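Under this note's numbering, the first residue of the sequence shown carries the number 375, and numbering increases by one thereafter.
Some notes on the structure that comes next.
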Amino acid sequence: MENNNFYNLTDEDVETLRLLDLQLYGNLVFIVSDVLSYISTIESIDLVYSKYENTSENLPDPDVPALESAYLAVIARSILFDIGFARYGHLVEKFNNGEIDFSLSPDEDINLGNIFGMISYMYFLRGVMGIYERDLSLPVFGL
């Protein structure tokens with residue numbers, strides 16, 4: 375690209391880019407959460423096999439990456455939750471000022487999904503915390 379005038383960005387575009395940067399960060403946190411969930415699953419499989427290897431040393435503990443995964447999932451969903459509502463607030467303001475005339479229903483649906491997602495991830499975290507507190511060296515399911 376030639377002659378980029380990024381210093382001429384409008385305040386609205388700066389805010390849009392800020393929200394999108396946060397969204398990228400939230401997506402990255404979700405990826406790390408998924409990797410930890412994957413590790414927990416691998417450790418759960420290894421834990422089952424370890425019963426047949428006659429060893430009790432260095433047993434995997436799938437509860438730990440599962441708990442880390444759950445915490446990160448809550449953080450990631452919180453980030454996206456905040457972004458969705460921030461963007462919606464900007465759109466409502468523009469709608470009320472007559473700057474836009476399109477339906478805000480899709481944005482409301484996204485925010486409703488984020489509300490349900492937060493509730494879901496909080497229950498998910500609660501369940502994983504319970505499994506972690508049991509500390510029974512069992513496989514972790516449902517991650």
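Don't be surprised by glycine CBs; every beta carbon is placed ideally from N, CA and C.
Quantities reported herein were computed from a predicted structural model and do not represent experimental measurements.
Could you check the C-alpha separation between residue i and residue j for me, to the nearest Å?
{"i": "Thr384", "j": "Arg392", "result": "12 Å"}
{"i": "Ser418", "j": "Tyr412", "result": "10 Å"}
{"i": "Asp481", "j": "Ala440", "result": "31 Å"}
{"i": "Val406", "j": "Tyr506", "result": "19 Å"}
{"i": "Pro513", "j": "Tyr399", "result": "30 Å"}
{"i": "Asp408", "j": "Ser443", "result": "7 Å"}
{"i": "Tyr497", "j": "Asp483", "result": "21 Å"}
{"i": "Ser424", "j": "Leu433", "result": "7 Å"}
{"i": "Ser494", "j": "Leu478", "result": "24 Å"}
{"i": "Tyr426", "j": "Ser511", "result": "15 Å"}
{"i": "Tyr381", "j": "Leu394", "result": "18 Å"}
{"i": "Phe490", "j": "Asn378", "result": "41 Å"}
Going by beta carbon distance, what residues of the same chain come within less than 6 Å of residue i, once the five residues before and after it are set aside?
{"i": "Ile474", "result": "Lys468"}
Between residue i and residue j, how many whole angstroms is the CB-CB distance? I'm expecting something under 8 Å.
{"i": "Leu396", "j": "Ile453", "result": "6 Å"}
{"i": "Leu517", "j": "Ser414", "result": "6 Å"}
Could you pull out every residue in the same chain whose Cβ sits closer than 7 Å to the Cβ of residue i, ignoring the five residues on either side in sequence?
{"i": "Asn485", "result": "Gly458, Phe459 and Tyr462"}
{"i": "Pro436", "result": "Ser414, Glu417, Ser418, Leu421, Pro513 and Val514"}
{"i": "Met503", "result": "Leu441"}
Which of the three DSSP states is assigned to residue i in this structure?
{"i": "Val514", "result": "coil"}
{"i": "Leu478", "result": "coil"}
{"i": "Pro439", "result": "helix"}
{"i": "Asn379", "result": "coil"}
{"i": "Thr390", "result": "helix"}
{"i": "Leu433", "result": "coil"}
{"i": "Tyr445", "result": "helix"}
{"i": "Thr415", "result": "helix"}
Counting only the same chain and skipping the five closest in sequence on each side, list residues whose C-beta sits under 8 Å from that of residue i.
{"i": "Asn471", "result": "none"}
{"i": "Met375", "result": "Confidence at Met375 is low in this model, with a pLDDT of 47, below 50, so the placement of that residue should be treated as unreliable; the coordinate-derived value is given next. Contacts found: none."}
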